[in-house]
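Peer 1: Each protein sequence line maps, in turn, to chains A and B.
What the first sequence shows, in the numbering used here, is residues 17 to 391, in sequence order.
What the second sequence shows, in the numbering used here, is residues 17 to 391, in sequence order.
There are 2 protein chains.
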Amino acid sequence: MSSLHFEILAHDTQGFARRTRIQLPHGTVETPVFMPVGTQATVKSLTPADLQEDIEASIILSNTYHLMLRPGADVIQTMGGLHRFMGWNRPILTDSGGFQVWSLGALRKIEEDGVRFRSHIDGSSWFLGPKESMQIQQQLGSDIVMAFDECTPYPATYEQARESMQMSMRWAAQCREHLPVNDKQALFGIVQGGMYADLRRESLHAIAQMDVEGIAIGGLSVGEPKEEMLATLDALAPHLPHNKPRYVMGVGTPDDLIEGIDRGIDMFDCVMPSRNARNGTLFTDHGKINIKNLKHQTDDAPIMEGCSCYTCQHFSRAYLRHLYIAKELLSARLNTLHNLHYYTHLMQRARAALEAHRWAAFRDEFLQTYRQGSH
Amino acid sequence: MSSLHFEILAHDTQGFARRTRIQLPHGTVETPVFMPVGTQATVKSLTPADLQEDIEASIILSNTYHLMLRPGADVIQTMGGLHRFMGWNRPILTDSGGFQVWSLGALRKIEEDGVRFRSHIDGSSWFLGPKESMQIQQQLGSDIVMAFDECTPYPATYEQARESMQMSMRWAAQCREHLPVNDKQALFGIVQGGMYADLRRESLHAIAQMDVEGIAIGGLSVGEPKEEMLATLDALAPHLPHNKPRYVMGVGTPDDLIEGIDRGIDMFDCVMPSRNARNGTLFTDHGKINIKNLKHQTDDAPIMEGCSCYTCQHFSRAYLRHLYIAKELLSARLNTLHNLHYYTHLMQRARAALEAHRWAAFRDEFLQTYRQGSH
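#1: Suppose only complete runs of 4+ residues qualify. What are the alpha helix (DSSP H) ranges in the segment 163-225 of chain A, listed by chain order?
#2: Any beta carbon from chain B within less than 8 Å of A/Y340's own beta carbon?
#3: Looking only at its own chain, which residues have a Cβ that is under 6 Å from the Cβ of A/R333, when we skip the five neighbours before and after it?
#4: Find the residues of chain B that neighbour A/L62, judging by a C-beta separation of less than 8 Å, and give them in chain order.
#5: Looking at the structure shown, is A/D282 part of a helix, part of a strand, or coil, going by DSSP?
#6: Just verifying my parser: in three-state terms, what is the DSSP assignment at B/K147?
#7: Could you pull the start and end residues of the beta strand (DSSP E) that B/N306 belongs to?
#8: Would you list the residues sitting across from A/V59 in a DSSP beta bridge?
#9: Does any residue of chain A bring its CB to less than 8 Å from the CB of B/A73?
#10: Using a 10 Å radius around the Cβ and a threshold of 16 neighbouring Cβ atoms, would you call A/G139 buried or exposed?
#11: Are there any heavy atoms of the ligand NAP lying less than 7 Å away from the beta-carbon of B/P52, as far as the coordinates show?
#12: Residue range of the alpha helix (DSSP H) that B/K260 falls in?
#13: Please say whether B/A232 and B/G205 have beta carbons closer to each other than 8 Å?
#14: Within 8 Å of any Cβ in chain A, is that where the Cβ of B/M320 sits?
#15: Anyone know if the C-beta pair for B/G239 and B/G303 falls short of 8 Å?
#16: Can you find a CB in chain B that lies within less than 8 Å of the CB of A/M288?
#17: Quick one: list the residues of chain B neighbouring A/V91, beta-carbon separation under 9 Å, in chain order.
#18: Run down chain B in chain order and give the residues with a C-beta less than 9 Å from the C-beta of A/F284.
#19: Check whether the segment 105-119 of chain B touches the segment 65-81 of chain B, taking contact to mean three or more Cβ pairs, one atom from each stretch, closer than 8 Å.
#20: Which residue or residues does DSSP assign as beta-bridge partners of B/E127?
#21: Can you give me the Cβ contacts of A/I281 inside the same chain, cut-off strictly under 6 Å, excluding the 5 residues immediately before and after it?
#22: So if DSSP puts B/R34 in a beta bridge, which residue, or which two residues, is it bridged to?
#23: Going by DSSP in three states, B/K231 sits in which element: helix, strand or coil?
#24: Quick one: what's B/V49 bridged to in DSSP?
#25: Do you know how far the Cα of A/T58 is from the Cα of B/A348?
#26: Would you be able to state if there are at least three C-beta pairs under 8 Å between the segment 53-68 of chain B and the segment 283-297 of chain B?
#27: Which residues bound the beta strand (DSSP E) around A/I76?
#28: Would you say A/Q413 reaches chain B, if we count a Cβ-Cβ gap shorter than 8 Å as a contact?
#29: Going by beta-carbon coordinates alone, are B/C323 and B/H354 separated by less than 8 Å?
#30: With A/A341 and B/R86 assumed to form a contact (beta carbons below 8 Å), what rounded beta-carbon distance in angstroms separates them?
#31: For A/K308, which option in A/Q93, A/R337, A/L298 has the closest C-alpha, if you only look at C-alpha atoms?
#32: From B/P41 to B/G31, what distance separates their C-alpha atoms?
#33: For A/L20, which of helix, strand or coil comes out of DSSP?
#34: Determine the direct distance from the alpha carbon of A/Q329 to that of A/H221, and round the result to whole angstroms.
#35: Quick check on A/R86 - is its C-beta less than 8 Å from some C-beta in chain B?
#36: Give a yes or no on contact between the segment 193-201 of chain B and the segment 240-259 of chain B, applying the rule of three or more CB pairs nearer than 8 Å.
Written out as structure tokens, the structure is:
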């Protein structure tokens, strides 16, 4: 019996956008959904209560690479798994560790079974491949396990992208072997292929053949122009299986999310709202604001009029500017609360628009307002 | 009409300890009380909601020196005062700025009207004396204003301590002139005199003669042995006016607070619980624990069994150790929540013991358990 139950609740009649529901062992996820990133078993500065009650996150992402190094998968398993360890009882998606091995690990050496690398923390030697990634993600006990893959760098030649994609496809099949369908954890395969439409479709075809519970699109938001990212999604959209959740990894800005939904994507994650928050960049419907700007020194307005987050309900831009300038810990927290609330509530609005069959109007109005404010 | 109404609700029949109630413009403070320190218009890492709902703080302290430099008293006044600026609607006590001028300001030059100094932030030149301190604290709009004084350094010769104390007494009188009795802000005078009992009593006599709403004892916890601090409180205890709140500034450890209550003190503040929290040192009835210790790696216990704080209700020592080791922002927050909750709830327990006429038993039992655990 599968650990994932999937329903399509509404569908835009003119395009690919859809409103779905994913049931997982730790709860239900309404999509389109944004998943806050909890890299080291914590969404930076926030508690599970903040995430549930204020941000209303239904699922979060955590990182296998970081957790395997610190505190270690054995420690988390001993403590009863990741949900119990971090006090979060809703669904968790864990990535495979691959992306961080490529971006953070030192002295990488690719072998057919995986990658040998050194920890960015202490230089210790590690090996991670499909088998190890599946084992560690089982120890963590996440609801959704991501296949171990290579995130093809940008730019890449056709030949590089093809070889990388084919290796990822071999690894994906091995992941399914090491983690057969079960009632505790779902496995998502990852489409690669760089910026080459035919490789992407070849990869999608391979993943769709495997008995995975969800389809992820990886290797985007890796430095390519936005047009290339959207062109890749355009190339895949007509071919995505309907009966499975679709997830674009590491994307993106608020307008990227809307563009992604428009191309049939259900799930998103990105460090942008939380990382930008810590740098004083805050999201609104009218684009981003930089809280450290002198013009906010005695600005009595909230970050965004009408926002229902704790930060906007209680604090002025003037106070948030003061906290940022004074390097106060509360700055990161209040800013992160707002940005993640903004993202999850943008997804709520997208779901409402899809249910009300007014997706195109919502999309156009949002993109126009947001992009006007951004320029 | 005074801004402070004071009642004694219970008194230890054998000693000086007492249970009182202080009514201030922004609310009621039940004593003995511990005031969390919100240096830069924020108790580091915490929101007003945390302070009210979890920590149950009835009053907090904020620092004139820090606020006058950043964001500036004018900014806070423009934003409607400190309560509104930081979103805290219960009482606030502000210190005079004097202590930080001595400890942080550079190139200090004492003049009869105050002190000229350079900002520790940007080297800009400032002047702070009784008149300026009263004006700034009025702009901030705190419920309790502290007199501007010199915190006599330790050690000091008798002559140094006497001259410093006499200057502070002249300044205290000027503070009252600049801030006459009114219905918005109460003024507390500060007893100085170093470690010399006769100077302390002379200073107390001078302050008691002034029409101030509360009596503070300054110049303690400045590096002296604990015995000297307690001897100073012992020398003052029989002479403290009964009809006013008494506040020992900058004190201290949990056992210091119990010893202070035993010597007739009603109010305390200290950065220790919040600063120690950020350094991974956590308070329990059995002494302090260091969360980074390897023995907590898979320790499923909360910081303190039976503690009702959010941290202890939801997280293990193992998780708190992980957050600390991984340098996560949530570490400071969860640790601070616990330590401040521990302090304010220790004061709740002291109040209950005083009301139940079992102060001596509570004191002895607490001190024995706490000090056994600390060795």
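Note that CB positions come from ideal geometry on N, CA and C, so glycine has one too.
What you are looking at is a predicted structure, and each value in this text was computed from that prediction instead of being measured.
Peer 2: In terms of the structure at hand:
#1: Correct list: 174-194, 213-225.
#2: As a position in the first sequence, residue 340 of chain A is number 324, starting the count at 1. So no, A/Y340 is outside the interface.
#3: For the purposes of this step, residue 333 of chain A is taken as the residue at position 317 of the first sequence. The answer, listed in chain order, is H312, D315, A317.
#4: In the first sequence, counting from the first residue as 1, residue 62 of chain A sits at position 46. The contacting residues are L346.
#5: By one-based count along the first sequence, residue 282 of chain A stands at place 266. Residue state for A/D282 is assigned as coil, using DSSP reduced to three classes.
#6: Within the second sequence, the letter at position 131 stands for residue 147 of chain B. The answer is helix: DSSP assigns B/K147 an H, G or I state.
#7: Counting from 1 along the second sequence, the entry for residue 306 of chain B is found at position 290. It spans 303-306 - the beta strand (DSSP E) in which B/N306 sits, taken as one unbroken run.
#8: Counted from its first residue, the first sequence places residue 59 of chain A at position 43. A/V59 pairs with nothing; no bridge assigned.
#9: If you number the second sequence from 1, residue 73 of chain B lands on position 57. No, no contact with chain A.
#10: Working through the first sequence from its first residue, we reach residue 139 of chain A at position 123. Counting Cβ neighbours within 10 Å, A/G139 comes out exposed, since fewer than 16 surround it.
#11: Ligands displayed in this structure: none; no statement on the ligand NAP is therefore possible.
#12: Mapped onto the second sequence, residue 260 of chain B falls at position 244. Following the DSSP letters along the chain, one finds B/K260 in no alpha helix (DSSP H), marked with neither H nor E.
#13: If you number the second sequence from 1, residue 205 of chain B lands on position 189. If you number the second sequence from 1, residue 232 of chain B lands on position 216. Taking 8 Å as the Cβ cut-off, B/G205 and B/A232 qualify as a contacting pair.
#14: Here residue 320 of chain B refers to the residue found at position 304 of the second sequence. Contact with chain A is absent for B/M320, since none of that chain's Cβ atoms lies less than 8 Å from the residue's Cβ.
#15: Counting from 1 along the second sequence, the entry for residue 239 of chain B is found at position 223. Counting from 1 along the second sequence, the entry for residue 303 of chain B is found at position 287. No.
#16: As a working mapping, residue 288 of chain A is identified with position 272 in the first sequence. No, A/M288 lies away from the interface with chain B (no Cβ there is under 8 Å from its Cβ).
#17: Translated into the one-based positions of the first sequence, residue 91 of chain A becomes position 75. Close partners of A/V91 in chain B (Cβ separation under 9 Å): Q313, T314, A334, H338.
#18: Taking the first sequence and counting its residues from 1, one reaches residue 284 of chain A at position 268. In chain order: nothing, as chain B lies at least about 23 Å away.
#19: Judged by Cβ distances under 8 Å, the segment 105-119 of chain B makes contact with the segment 65-81 of chain B, as three or more pairs qualify.
#20: Counted from its first residue, the second sequence places residue 127 of chain B at position 111. Paired residues: B/G130.
#21: Numbered from 1 along the first sequence, position 265 holds the residue referred to as residue 281 of chain A. Beyond the five residues adjoining it in sequence on each side, A/I281 comes within less than 6 Å, by CB distance, of R262, V264 in the same chain, given in chain order.
#22: The residue labelled residue 34 of chain B in the question sits at position 18 within the second sequence. According to DSSP, B/R34 shares a beta bridge with B/H27.
#23: For the purposes of this step, residue 231 of chain B is taken as residue 215 along the second sequence, with counting starting at 1. Here residue 231 of chain B is Ile; the residue named in the question, Lys, does not match the sequence. Here DSSP, grouped into helix, strand and coil, assigns B/I231 to strand.
#24: The residue given as residue 49 of chain B occupies position 33 in the second sequence. B/M283, per the DSSP bridge assignment.
#25: Stepping through the second sequence from its first residue, residue 348 of chain B is reached at position 332. Stepping through the first sequence from its first residue, residue 58 of chain A is reached at position 42. Straight-line Cα distance between these residues: approximately 13 Å.
#26: Cβ pair count under 8 Å is three or more, so yes.
#27: Taking the first sequence and counting its residues from 1, the one referred to as residue 76 of chain A is at position 60. 76-78 is the span of the beta strand (DSSP E), which, as asked, contains A/I76.
#28: A query on residue 413 of chain A cannot be resolved here, the shown segment of chain A reaching from 17 to 391 and no further.
#29: In the second sequence, counting from the first residue as 1, residue 323 of chain B sits at position 307. In the second sequence, counting from the first residue as 1, residue 354 of chain B sits at position 338. A contact, by the Cβ cut-off of 8 Å.
#30: Sequence index remark: in the first sequence, residue 341 of chain A carries index 325 (1-based). Sequence index remark: in the second sequence, residue 86 of chain B carries index 70 (1-based). The amino acid occupying residue 341 of chain A in the given sequence is Ile; Ala does not appear at that position. About 7 Å; that satisfies the 8 Å criterion.
#31: Here residue 308 of chain A corresponds to residue number 292 of the first sequence, with the count starting at 1. Residue nearest to A/K308 within the set A/Q93, A/R337, A/L298 is A/R337 (criterion: CA-CA distance).
#32: Within the second sequence, the letter at position 25 stands for residue 41 of chain B. Within the second sequence, the letter at position 15 stands for residue 31 of chain B. Cα to Cα, the separation comes out at about 31 Å.
#33: Translated into positions along the first sequence, residue 20 of chain A becomes position 4. Note: A/L20 maps to coil in three-state DSSP.
#34: Residue 221 of chain A sits at position 205 when you count from the first residue of the first sequence. Residue 329 of chain A sits at position 313 when you count from the first residue of the first sequence. Straight-line Cα distance between these residues: approximately 48 Å.
#35: On the first sequence, residue 86 of chain A is found 70 positions in, with the first residue counted as 1. Cβ-Cβ to chain B under 8 Å: yes for A/R86.
#36: Contact between the segment 193-201 of chain B and the segment 240-259 of chain B is not established, with fewer than three Cβ pairs separated by less than 8 Å.
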